[in-house]
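*Asks:* Just passing along the structure, written as structure tokens.
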Amino acid sequence: MKHLPPVTAGLALISLFVFAYQSSLTGDQRILFILQWGAVPYEITVRDLPPTVPFPVAGTLLTALLLHSGLGHLAVNMTYLGLFGPAVERALGRWRFLALFLLCGIGAGVAQVAAFPVSMFPTIGASGALAGVMAAYVVLFPRVSPRTIVFGVWCVLQVMLALDTLNTVRWRCWLGVGQRPLALNGCRR
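Converting from the sequence shown to this note's numbering requires adding 869 to each position, the first position being numbered 1.
What follows is the structure in structure tokens.
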């Protein structure tokens, strides 16, 4: 990770540490952890349950970005963060990149909550944030094509996740975030 810019490396390290902690929990503890720190649309919209986190429940839209449903989910997200994050972070600068990542990730969570407001299933993962990073990459580097196939593979993976109706990954929202590339032109230096 020494060749990764600081925000990309930091996001990857935090995700790895959170996943290591998640993995250290027993089955029931792991489920409770994901229910507590994942974004549960019902808890955000209906609010008839006491909060399970020490901050406003909408904050779980942020904490959910660091949770992953399994090693494969983590590996895919970290691979795509490593492929697209460095170039976008270098082009935008660290603070703009961090803002892009967080806003796209939270935006994907908001879209998930809006689409399924009474769902009791937690939404977790950084797929929406990564869709925003990849959209920024396409806008910032329109003539670079070697990663086109990698982007296509990611899209196929997202569709495969979409077909798994019990999956908690923010697969439904990556397209919504991907529609924002024109707005990213304002993020250029």
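For glycine and all other residues, C-beta sits at the position ideal for the given N, C-alpha and C.
#1: Does Ile883 come within less than 8 Å of chain C when only Cβ atoms are used?
#2: Bridge partners for Ile903 per DSSP, in chain order?
#3: Between which residues of its own chain and Ala956 is the CB-CB distance below 8 Å, once the five residues before and five after are set aside?
#4: Which of the three DSSP states, helix, strand or coil, is assigned to Thr992?
#5: With DSSP as the reference, identify every bridge partner of Ala908, one or two as the case may be.
#6: Would you mind stating whether Ala933 and Gly978 have Cβ atoms separated by less than 8 Å?
#7: For Met989, count the other beta carbons within 10 Å of its own beta carbon; 16 or more makes it buried, fewer makes it exposed. Which is it?
#8: Compute the distance between the beta-carbons of Ile900 and Ile993, then report whether it is under 8 Å.
#9: Quick one, which of Gly907, Ser884, Phe966 and Thr948 has its alpha-carbon nearest Pro925's?
#10: Can you name, in chain order, every residue of its own chain whose Cβ lies under 6 Å from the Cβ of Pro910, other than the five neighbours on each side?
#11: Pick helix, strand or coil for Thr877, following the three-state DSSP scheme.
#12: Is the Cβ-Cβ distance between Met1003 and Phe970 less than 8 Å?
#13: Count the other CB atoms within 10 Å of the CB of Thr895; is the residue buried (16 or more) or exposed (fewer)?
#14: Here's a check: name, in chain order, each residue in its chain whose Cβ is nearer than 7 Å to the Cβ of Pro875, leaving out the five neighbours to either side.
#15: Quick check on Arg1012: buried or exposed, where buried means 16 or more other Cβ atoms within 10 Å of its Cβ?
#16: Can you grab the Cα-Cα spacing for the pair Arg916 / Leu873, in whole Å?
#17: CB-CB under 6 Å to Ser884, same chain, minus the five flanking residues each way: which ones, in chain order?
*Replies:* Reading it off the structure:
#1: No chain C is part of this structure, which consists of one protein chain only.
#2: As a first step, residue 903 is located in the sequence shown; it is residue number 34 there, counting from the start. Answer is none; Ile903 lacks a bridge partner.
#3: Stepping through the sequence shown from its first residue, residue 956 is reached at position 87. For Ala956, where only same-chain residues beyond five positions count, the Cβ hits under 8 Å are Tyr1006, Leu1009 and Phe1010.
#4: Working through the sequence shown from its first residue, we reach residue 992 at position 123. Thr992 falls in the strand class under three-state DSSP.
#5: By one-based count along the sequence shown, residue 908 stands at place 39. In the DSSP output, where bridge partners are listed per residue, Ala908 has Thr992.
#6: Numbered from 1 along the sequence shown, position 64 holds the residue referred to as residue 933. Numbered from 1 along the sequence shown, position 109 holds the residue referred to as residue 978. Yes, the pair counts as a contact, with Cβ atoms nearer than the cut-off.
#7: The residue given as residue 989 occupies position 120 in the sequence shown. Met989 comes out exposed.
#8: Position 31 of the sequence shown holds residue 900. Position 124 of the sequence shown holds residue 993. No, these two residues do not count as a Cβ contact at 8 Å.
#9: Counting from one through the sequence shown, the residue named residue 925 turns up at place 56. The option with the nearest alpha carbon to Pro925 is Gly907.
#10: Locating residue 910 in the sequence shown gives position 41, counting from the first residue. For Pro910, where only same-chain residues beyond five positions count, the Cβ hits under 6 Å are Val982, Phe985, Pro986 and Ser988.
#11: Within the sequence shown, numbered from 1, the residue matching residue 877 stands at position 8. DSSP, reduced to helix, strand and coil, places Thr877 within a helical segment of the structure shown.
#12: In the sequence shown, residue 1003 corresponds to position 134, counting from 1. In the sequence shown, residue 970 corresponds to position 101, counting from 1. Not a contact, by the Cβ cut-off of 8 Å.
#13: Working through the sequence shown from its first residue, we reach residue 895 at position 26. Exposed is the call here.
#14: Residue 875 sits at position 6 when you count from the first residue of the sequence shown. Counting only Cβ-Cβ distances below 7 Å, and skipping sequence neighbours, we find Arg963.
#15: Residue 1012 sits at position 143 when you count from the first residue of the sequence shown. Classification of Arg1012: exposed, given that the 10 Å Cβ count is below 16.
#16: In the sequence shown, the residue the question calls residue 916 occupies position 47. In the sequence shown, the residue the question calls residue 873 occupies position 4. Straight-line Cα distance between these residues: approximately 40 Å.
#17: Mapped onto the sequence shown, residue 884 falls at position 15. Excluding positions up to five away in sequence, the list reads Leu935.
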